[in-house]
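Residue numbers (this note's numbering): 38 to 239.
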């Protein structure tokens with residue numbers, strides 16, 4: 038057993054990046070083996086900036102833009118899903134691969150298993166129908182309201198798109214205003230334009 042002075046020295050010793058990385062890998066492996074990770078996450082670079090990807094054992098649960106503040110997103114996941122969150126990139130390998138393929142124009146449909154537990158009610162209903170908008174196509178907020186059987190709920194459709202926890206994978210960027218202008222987007226209008234241009238060029 039070390040005394041308090043020994044522990045203080047250990048805690049104040051600078052640790053290089055390689056050592057930290059090795060320690061994290063060991064922590065990740067131990068947590069996985071003990072089934073202690075409820076939410077795994079990683080970050081990736083993309084043409085629309087750094088993205089945070091998070092998954093539960095049920096599937097991909099969150100895609101977040103840098104503008105959403107990744108630390109705040111992780112904090113929210115801890116409150117809504119589970120505090121047992123760990124950076125565990127291996128759990129997200131398939132999601133990373135498919136998103137990379139999408140940006141490389143080699144994928145038009147995502148085959149990922151999704152966990153939609155962050156959405157409820159009408160918002161979830163709209164979000165489950167968003168993948169029906171084909172790659173390179175767009176629909177208006179009114180079109181989507183009619184599709185889900187509530188033609189007057191145009192504004193509510195906008196809210197469902199704005200709160201979509203899985204942008205890109207669940208393609209809310211394909212929903213525009215009735216006059217063809219962009220409307221809002223959780224990742225910002227520049228990101229929405231980038232995604233639409235990417236798909237239009239295919």
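Think of the CB as a built atom: it goes at the ideal place given N, C-alpha and C, for glycine as much as any other residue. Small disclaimer: the values here were computed from a predicted structure and weren't measured.
- Residue 139 sits in a helix when the DSSP states are folded into three classes.
- In terms of CA proximity to residue 92, 126 leads the group 126, 102, 136.
- Cβ neighbours of residue 138 within its own chain (closer than 7 Å, five residues either side excluded): 144.
- Remark: C-beta atoms of residue 122 and residue 129 do not approach each other more closely than 8 Å.
- The region 230-237 makes no contact with the region 179-198: fewer than 3 CB pairs, one atom from each, lie closer than 8 Å.
- Residue state for residue 163 is assigned as helix, using DSSP reduced to three classes.
- Residue 225 sits close to residue 104, with the two beta carbons spaced by under 8 Å.
- Each residue's CA atom was taken as its position, placing residue 81 and residue 183 some 36 Å apart.
- Note on residue 193: 16 or more other CB atoms within 10 angstroms of its CB, so buried under the neighbour-count rule.
- One alpha carbon belongs to residue 107, the other to residue 89, and they sit about 7 Å apart.
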